[in-house]
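The sequence shown begins at 1 in the numbering used here and counts up one residue at a time. Heads up, the beta-carbon is just placed ideally off N, CA and C, and yes, glycines get one too. In what follows, a structure is listed as structure tokens, so that the remarks can point back to it.
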Amino acid sequence: MDYYKILGVDKNASQEEIKKAYRKLAHKYHPDKPGGDERKFKELNEAYQILSNPQKKSQYDKFGRVFEGQQFNGAQSGPFGGPFGGFGQGGGSFDFDFGQFAEGGDFGDIFDAFFEGLGMRERRRTYRHGSDVQIAQEITLEEAFSGTEKNIDYKINVKCDKCEGLGSDPKAGFASCSVCGGRGEIKETKNTFFGSFTQVKACENCYGSGQVPNKICDKCKGKGAVKGDKKVSIKILPGVSNGQIIKIKGAGEAGERGAPEGDLFVTVKVNSHKIFIREEDNLIVKKEISIIDLLLNIAGEDKKIEV
């Protein structure tokens, strides 16, 4: 993912130029605006979080990614000076198993162990993020004019109240996953006509964590989420347009095993009025009148035309 391309700036752009580009695009693609793009908006936020931080931007420019939580020491030789400082100083522990290479392993195994020792390689997790939910809310033309507040009830997957969304009892402890040996991922090798292909993927038994709980929650069966009712209150501001979308962060479905909740998107539907027709900010009324009434009104006669 090219963060500079997402924001439409070059690598030499100043912090002020990056901020201006982000604000302009965020305003354009905000999900609450007509024609907004949720996926594009999330990409813009991710790019801005990296490029607006001088330290993260420097890491991204050098390595093409950001190593969270790492402290790089420029006094050491090479970009990995900080982590290498542990050699011979008691500052780090690296356990390389070269025996597996001698017995037919590959360099990938050695590099896996190396980067895990540096703390730079995160385990793959397959904890599923909660799904976004979209609901239509009808309001009257009068409510669109003056604004209103609506209470919405809906059924979705909510956080399990027994295990607090974890899917297990943390007091019972965890055990190392026997399938992946605690690594959180497994390798699959497939033989095809074009040769052998090796794929690394998250372990399905421990969901990429490398550990399995000793006691699964009997209410949610380990998912951390159950079917339930959810209630939210939304404020609809005066002048809301028909079809406008209101986003409520975290009001979507609960994630599995402590993963973040999804978002709620409320589409406002302004019902038709029996008298007025709304075109943007204008109210139009159609009324049949006689030619006599029209002429009298033009002539200044004191005669009202009832709507």
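- Three or more Cβ pairs closer than 8 Å define a contact, and the region 237 to 252 falls short of that threshold against the region 183 to 202.
- G167 is not a Cβ neighbour of Q211, given a cutoff of 9 Å.
- Of the candidates R128, D37, G8, the residue whose Cα lies closest to the Cα of E256 is R128.
- With respect to K286, I292 sits apart: the two C-beta atoms are not nearer than 9 Å.
- G228 and V266 have their C-alpha atoms some 19 Å from each other.
- Shown here, A47 sits in a helix according to DSSP, grouped into three states.
- Boundaries of the beta strand (DSSP E) around A175: 174 to 176.
- The C-beta separation of I236 from G147 comes to about 6 Å, placing the pair in contact by the 8 Å criterion.
- Looking at E16, T192, E149, Y48, the one whose alpha-carbon comes closest to that of K5 is Y48.
- For D61, the uninterrupted alpha helix (DSSP H) segment begins and ends at 54 to 63.
- Scanning the region 185 to 249 for uninterrupted beta strand (DSSP E) segments of 3 residues or longer gives 185 to 192, 195 to 202, 211 to 213, 225 to 236, 245 to 248, listed from N- to C-terminal end.
- Contact between the region 156 to 170 and the region 213 to 223 is present, with at least three C-beta pairs closer than 8 Å.
- Here Y3 is buried: its Cβ has 16 or more other Cβ atoms, across all protein chains shown, within 10 Å.
- Across the structure, K19 and E46 are spaced so that their CA atoms are roughly 13 Å apart.
- Here E288 carries a coil assignment [DSSP, helix/strand/coil].
- The beta carbon of G36 sits closer than 6 Å to those of Y29, H30, all from its chain and outside the five residues before and after it, given in chain order.
- Our two residues, S196 and S176, have alpha carbons roughly 30 Å apart in a direct line.
- Of the residues assessed, V270 falls on the buried side of the cut-off, its CB having 16 or more other CB atoms within 10 angstroms.
- Nearest neighbour of F41 by Cα position, chosen from H27, Q199, L51, turns out to be H27.
- Nearest Cα to D169 within the set E279, D218, H273, S52: D218.
- In this structure, Y154 sits near K230, with a CB-CB distance shorter than 9 Å.
- Looking at the backbone, the Cα of E261 and that of I284 are separated by about 43 Å.
- When the five nearest sequence neighbours on each side are left out, the beta carbons in the same chain lying within less than 6 Å of the beta carbon of I216 are those of S168, G222, in order along the chain.
- DSSP lists K230 as the beta-bridge partner residues of Y154.
- For V268, the pairing in a beta bridge is given by DSSP as Q137.
- Note on G64: under 16 other CB atoms within 10 angstroms of its CB, so exposed under the neighbour-count rule.
- E279: not part of any alpha helix (DSSP H); member of the beta strand (DSSP E) spanning 276 to 279, first to last residue.
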